[in-house]
Structure formats: C-alpha cells, structure tokens
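Sequence positions in the sequence shown follow our numbering and run 556 to 913. Note that the Cβ used here is the ideal one computed from N, Cα and C, for glycine as well. Values in this document were obtained by computation on a predicted structure and should not be read as measured data. In what follows, a single structure is set out as structure tokens and then discussed.
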Amino acid sequence: MIGFSPVRLLGQISPGSKGVLFGPSAMPRPAPPALSSEDHSAIAARLTPVLEGLNRDRATHVERVDRTLKRFGGGAAVAALVIGWGIGGSFLGGLALMAIAVLSVVIILMAKAEDGPRTETRRQIVAAVAGRLSDLIPDPSPDIPRDWFAGLGVVQKVRKVIVDLRLTGQRAGRVVGVTRVGLMFGEDQTRNEKHDKGLTFVMVQVELPEMAGRDGVTVVMPTDASWNVRHAPKLSHGLKAVPTGDKSFDAQYTVYGDPALLTPALRAGFAGLERQARSAKHGLAEVAPGEGKRPWVAILPGQLVVLTPLAMFDGAFEPPPFWVPLDADALIPAFAADLAVLDGYLTAALSLPLGEFE
556 MIGFSPVRLL
566 GQISPGSKGV
576 LFGPSAMPRP
586 APPALSSEDH
596 SAIAARLTPV
606 LEGLNRDRAT
616 HVERVDRTLK
626 RFGGGAAVAA
636 LVIGWGIGGS
646 FLGGLALMAI
656 AVLSVVIILM
666 AKAEDGPRTE
676 TRRQIVAAVA
686 GRLSDLIPDP
696 SPDIPRDWFA
706 GLGVVQKVRK
716 VIVDLRLTGQ
726 RAGRVVGVTR
736 VGLMFGEDQT
746 RNEKHDKGLT
756 FVMVQVELPE
766 MAGRDGVTVV
776 MPTDASWNVR
786 HAPKLSHGLK
796 AVPTGDKSFD
806 AQYTVYGDPA
816 LLTPALRAGF
826 AGLERQARSA
836 KHGLAEVAPG
846 EGKRPWVAIL
856 PGQLVVLTPL
866 AMFDGAFEPP
876 PFWVPLDADA
886 LIPAFAADLA
896 VLDGYLTAAL
906 SLPLGEFE
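Next up, the structure:
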C-alpha cells in the first residue's frame with residue numbers, strides 16, 4: 556500500500572523547476588520527423604531495458620526524497636512554530652513562520668533531488684537513441700573550463716560554464732563535438748544566478764589538423780549582437796576589426812584577426828550556419844530555423860568553433876520529472892527529433908569549405 560507522497564503531490568500542483576539556463580519550455584517543440592518502423596523497433600529494443608532500470612531507480616529515489624521531505628519538513632515546521640510563537644507571542648505568527656520554513660525546505664530539497672535523476676536519465680536515453688541514429692556518443696562527464704572559453708576571444712569574464720549535453724565522435728573523417736552549453740557572466744563573487752545573466756549555445760567543434768601549426772585566433776561576430784559581445788575579441792584578445800571587402804558580408808559580420816581566412820566560399824557558407832539559428836532576438840524563446848540570432852565563429856590553431864545562440868528553456872532532451880514513469884513510445888520520437896536538430900548544426904559546420912584553410 557502506497558502512503559502519502561509529498562513528491563507526487565507537489566508534482567501535481569507545481570510546474571517544476573526550469574533550472575539555470577536550461578530546462579522545460581512553456582512552448583511545445585515542433586512535431587518530430589517520422590521514424591521508420593525499423594528504426595523505432597531497433598531503438599525500442601535498446602531503450603526498453605534501460606527504461607526498466609531507470610524506472611526502478613527513480614521509484615527508489617521518490618521514496619528516499621519523500622522520507623527526507625517528511626523528516627526535514629516536519630522538523631522545520633515544529634521549530635519555526637515554536638520560535639515564531641515564543642518570540643512573537645502569536646500563534647498565527649508562528650503558523651506563518653512555519654509555512655515559510657516548510658516551503659523553503661521543500662523548494663531546496665526538491666531542486667537538489669531533481670538534478671541527479673535528470674542528468675543520468677537523459678544521458679542513458681540519448682545513448683540508446685543515438686546508438687541507432689547517430690555516429691556520435693554522449694560524453695558521460697563533460698566539462699569545459701572557463702579558461703578555454705577565454706581563449707576563444709568571444710566572451711569576457713565567464714563565471715560559470717554549464718554543459719547541458721555533449722556528443723562526440725567522428726564525422727566526414729574529422730573529430731567533432733556538438734555541445735549544448737550555457738555561460739554565466741559576472742565576477743566570481745556574484746552569487747545571484749538569474750536566467751537573464753547568461754547565454755546558451757549549440758557549440759560545434761571541428762578539428763582542423765591542417766591548421767595546427769598556425770598562430771593566432773580569428774573571430775567572426777554578428778554585427779547585430781550586443782555591444783559587449785561585438786567588442787569582446789578586441790577587449791579580451793586585442794584583436795582588430797578588419798573588413799573583408801565583401802560589403803554584404805561585412806554588413807552582417809565583423810571579422811577580428813585575419814580576414815584572409817574568410818575566403819568567398821567560406822563567407823558564402825555562413826548562410827548554411829544561419830539556417831540552423833533558432834533563438835529569438837531576446838534569447839528566451841525558440842523561433843523557426845533560420846529566423847534566429849546569427850552564429851559566432853572562432854578559427855583557432857587546429858580547430859573551428861561555431862557558437863549558435865540557443866533559446867533558453869527550449870525544452871530539448873528533457874525527460875519527465877523523476878516521479879513520472881518513463882515511456883518509450885513518448886520518449887523515442889522526442890529525443891530523435893532533438894538529435895536531428897543537433898545533427899543539423901553539425902552538418903552545417905561541416906558543409907563549410909574547410910579545405911580552404913590548408
């Protein structure tokens with residue numbers, strides 16, 4: 556017999572937490588492309604035993620969180636009632652303090668309880684789906700240092716890097732990676748992590764061994780980006796803006812570094828990158844592909860990096876909350892569609908005439 560479950564009760568009356576930068580969106584994602592029956596059956600065969608194990612683990616996690624909420628929530632309620640009544644001399648004041656204390660405990664514990672199951676659940680689902688549909692695999696413990704972003708010359712004062720998902724592998728004979736990544740800005744002592752204090756991207760990395768011996772960084776920034784973004788290459792690396800001489804391209808992008816790398820064919824290839832852009836101008840919603848913010852590009856010794864702004868809370872790769880059972884028929888098309896979106900970003904980057912860098 557199942558007793559009272561605070562977790563399941565809260566799940567029914569609360570929309571859940573969005574987290575910082577990434578999380579479920581209020582808007583539904585586009586309808587996923589239809590999978591062939593062969594693909595669906597193959598993925599289901601991979602995914603079903605994975606979901607059975609995850610559902611067992613998630614049920615155990617619900618029970619554990621329920622016990623924690625009851626123990627700490629009840630203790631906080633009693634302590635707050637006694638303190639509020641004793642100090643204020645008012646039973647109603649004690650009740651109010653008790654309600655605040657319980658709510659605070661619940662919010663803190665529920666937020667902590669969601670992070671682990673979400674991360675592990677989505678990793679295992681992505682691995683099963685991608686195992687059939689993609690030549691890339693999810694990185695089980697992705698980590699990108701702040702100093703690495705500083706070396707790109709595209710941003711300043713990155714305080715925190717949040718890697719939501721990273722896939723790696725080989726494509727077209729090159730080592731590649733595609734990552735959903737968020738950057739929080741400000742000084743280290745800033746503790747207030749607000750949704751509007753960061754940016755999120757789909758980042759594609761393509762290894763260029765033919766460029767490994769080349770020195771310097773060349774950065775290409777959209778002219779409609781914010782002032783601090785447009786001037787980050789100059790402020791962080793001392794790079795100078797140099798026009799390419801292509802009036803149409805120079806009206807849309809500013810090149811910092813060596814404009815000779817931006818050959819006519821490479822400049823023309825930026826149209827393919829732009830066709831993947833989905834982030835609305837305010838950065839908080841997803842729009843149709845090709846209508847979003849233009850990408851940022853960094854050409855490094857041995858590597859090409861394409862950062863395309865991503866809508867915050869776009870809902871990609873989002874499993875149900877940990878108290879909801881996982882269902883293969885619902886998850887397969889959704890995760891397949893999200894993988895197809897990431898694959899589009901990678902394909903666009905690889906469509907650039909990379910051989911011109913030789």
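Cα-Cα separation between residue i and residue j, rounded to whole angstroms
{"i": "serine 791", "j": "arginine 785", "result": "11 Å"}
{"i": "arginine 830", "j": "serine 689", "result": "21 Å"}
{"i": "tyrosine 811", "j": "valine 775", "result": "6 Å"}
{"i": "lysine 802", "j": "glycine 838", "result": "27 Å"}
{"i": "serine 696", "j": "proline 819", "result": "39 Å"}
{"i": "glutamate 593", "j": "proline 788", "result": "48 Å"}
{"i": "threonine 674", "j": "proline 875", "result": "12 Å"}
{"i": "serine 834", "j": "aspartate 869", "result": "9 Å"}
{"i": "leucine 828", "j": "aspartate 779", "result": "16 Å"}
{"i": "glutamine 807", "j": "arginine 735", "result": "25 Å"}
{"i": "valine 772", "j": "alanine 727", "result": "24 Å"}
{"i": "isoleucine 794", "j": "aspartate 770", "result": "A small correction: the amino acid at residue 794 is leucine; isoleucine does not occupy that position in the sequence shown. Distance between the alpha carbons of leucine 794 and aspartate 770 is about 13 Å."}
{"i": "proline 604", "j": "glycine 706", "result": "43 Å"}
{"i": "glutamine 711", "j": "glycine 737", "result": "14 Å"}
{"i": "leucine 754", "j": "methionine 739", "result": "7 Å"}
{"i": "isoleucine 638", "j": "aspartate 621", "result": "Confidence at isoleucine 638 is low in this model, with a pLDDT of 46, below 50, so the placement of that residue is unreliable and no value is reported for it."}
{"i": "alanine 767", "j": "leucine 855", "result": "8 Å"}
{"i": "glycine 857", "j": "threonine 902", "result": "19 Å"}
{"i": "aspartate 898", "j": "threonine 809", "result": "27 Å"}
{"i": "glutamate 911", "j": "leucine 821", "result": "8 Å"}
{"i": "valine 681", "j": "valine 860", "result": "23 Å"}
{"i": "lysine 836", "j": "threonine 623", "result": "42 Å"}
{"i": "leucine 894", "j": "alanine 589", "result": "13 Å"}
{"i": "alanine 892", "j": "aspartate 884", "result": "13 Å"}
{"i": "phenylalanine 825", "j": "leucine 816", "result": "13 Å"}
{"i": "arginine 619", "j": "arginine 611", "result": "13 Å"}
{"i": "glycine 800", "j": "alanine 889", "result": "44 Å"}
{"i": "leucine 763", "j": "leucine 909", "result": "8 Å"}
{"i": "glycine 608", "j": "proline 814", "result": "53 Å"}
{"i": "valine 709", "j": "serine 781", "result": "12 Å"}
{"i": "proline 798", "j": "glycine 671", "result": "48 Å"}
Per DSSP, cross-strand counterpart(s) of residue i
{"i": "alanine 853", "result": "Val774, Val860"}
{"i": "tyrosine 811", "result": "Val774, Ala796"}
{"i": "valine 755", "result": "The sequence given here has threonine at residue 755, not valine. For threonine 755, which the question treats as bridged, DSSP gives the partners Gly737, Leu865."}
{"i": "glutamine 679", "result": "Answer is none; glutamine 679 lacks a bridge partner."}
{"i": "glutamate 841", "result": "Ser834"}
{"i": "valine 761", "result": "Val731, Leu859"}
Segment limits, beta strand (DSSP E) that includes residue i
{"i": "threonine 723", "result": "713 to 726"}
{"i": "valine 733", "result": "729 to 740"}
{"i": "glycine 706", "result": "Unbroken run through glycine 706 is the alpha helix (DSSP H), 701 to 707; no beta strand (DSSP E)."}
{"i": "leucine 691", "result": "691 to 693"}
Buried or exposed (CB count within 10 angstroms, at least 16 for buried), residue i
{"i": "glutamate 765", "result": "exposed"}
{"i": "glutamine 725", "result": "exposed"}
{"i": "tryptophan 703", "result": "exposed"}
{"i": "arginine 721", "result": "buried"}
{"i": "aspartate 719", "result": "buried"}
{"i": "arginine 677", "result": "buried"}
{"i": "valine 896", "result": "buried"}
{"i": "proline 700", "result": "exposed"}
{"i": "methionine 653", "result": "The predicted position of methionine 653 is uncertain, since its pLDDT is 46 and thus under 50; a value taken from the coordinates is nonetheless stated next. Buried: at least 16 other Cβ atoms inside 10 Å."}
{"i": "arginine 613", "result": "buried"}
{"i": "alanine 823", "result": "exposed"}
{"i": "threonine 615", "result": "exposed"}
{"i": "alanine 832", "result": "buried"}
First and last residue of the uninterrupted alpha helix (DSSP H) at residue i
{"i": "threonine 902", "result": "883 to 905"}
{"i": "proline 819", "result": "819 to 829"}
{"i": "arginine 769", "result": "Arginine 769 -> no alpha helix (DSSP H), and no H or E assigned at all."}
{"i": "valine 784", "result": "782 to 785"}
Open item on the list: Quick test of the definition: if touching needs 3 or more C-beta pairs under 8 Å, does the region 876 to 895 touch the region 836 to 850?
Closed with: no
Task: Segment contact, 8 Å Cβ cut-off, at least three pairs: the region 591 to 610 with the region 675 to 693 - done: yes
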